[in-house]
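Have a look at the structure below before the remarks.
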Amino acid sequence: MSLPVELYAIASGTVQGVAFRYKVKQIADAHGLTGYAQNLPNGSVVVVCQGPQERIDAFVEKVWKIHYPVDIEDFKTVIREPQAPFVEFAVK
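The sequence shown begins at 1 in the numbering used here and counts up by one.
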């Protein structure tokens, strides 16, 4: 398995008030990833998660498949070195 990386992503569209963060948590937990999802004041959601690159890739693919009532217009992602370790995936 590869070394851990960190995904920093911003989801925009209909992603607040539709349980998006909780669905993201379910996907992250299923892939053994840690981090968090948090609403932003502009209506988007920030997602930060850590794990092996191949699990991060699978996670991103699954997030794009989240459907109604969620409507993801964009999911901008950046892969970077892990900033600080997380113990679990949290919904903030």
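A virtual CB, placed ideally from N, CA and C, is assigned to each residue, including glycine.
Please confirm whether any heavy atom of the ligand NAP lies closer than 8 Å to the CB of T34.
As for the ligand NAP, it is missing from this structure, which has no ligand bound.
Please list, in chain order, all residues of the same chain as G32 whose beta carbon is under 8 Å from its beta carbon, the five residues on each side excluded.
Looking up residue 32 in the sequence shown gives position 32. Counting only Cβ-Cβ distances below 8 Å, and skipping sequence neighbours, we find G51 and R55.
Apart from the five residues just before and just after G13, which ones in its own chain have a Cβ nearer than 6 Å to its Cβ?
Taking the first residue of the sequence shown as position 1, residue 13 is located at position 13. D71, I72 and E73.
Terminal residues of the beta strand (DSSP E) in which I79 lies
Here residue 79 is taken as the residue at index 79 of the sequence shown, counted from 1. Note, I79: beta strand (DSSP E), D71 to R80.
Measure the Cβ-Cβ separation of F75 and A19 and say whether it is below 9 Å.
Position 75 of the sequence shown, counted from the first residue, corresponds to residue 75. Position 19 of the sequence shown, counted from the first residue, corresponds to residue 19. No, the pair does not count as a contact, with Cβ atoms beyond the cut-off.
So V48 and L7 are in contact, right, with Cβ under 8 Å, and what is the actual spacing, rounded?
Counting from 1 along the sequence shown, the entry for residue 48 is found at position 48. Counting from 1 along the sequence shown, the entry for residue 7 is found at position 7. The pair is a contact, with the Cβ atoms about 7 Å apart (cut-off 8 Å).
What do you get for I79, buried or exposed, if any count of 16 or more other CB atoms within 10 angstroms of its CB means buried?
The count along the sequence shown starts at 1 and reaches residue 79 at position 79. Result: exposed.
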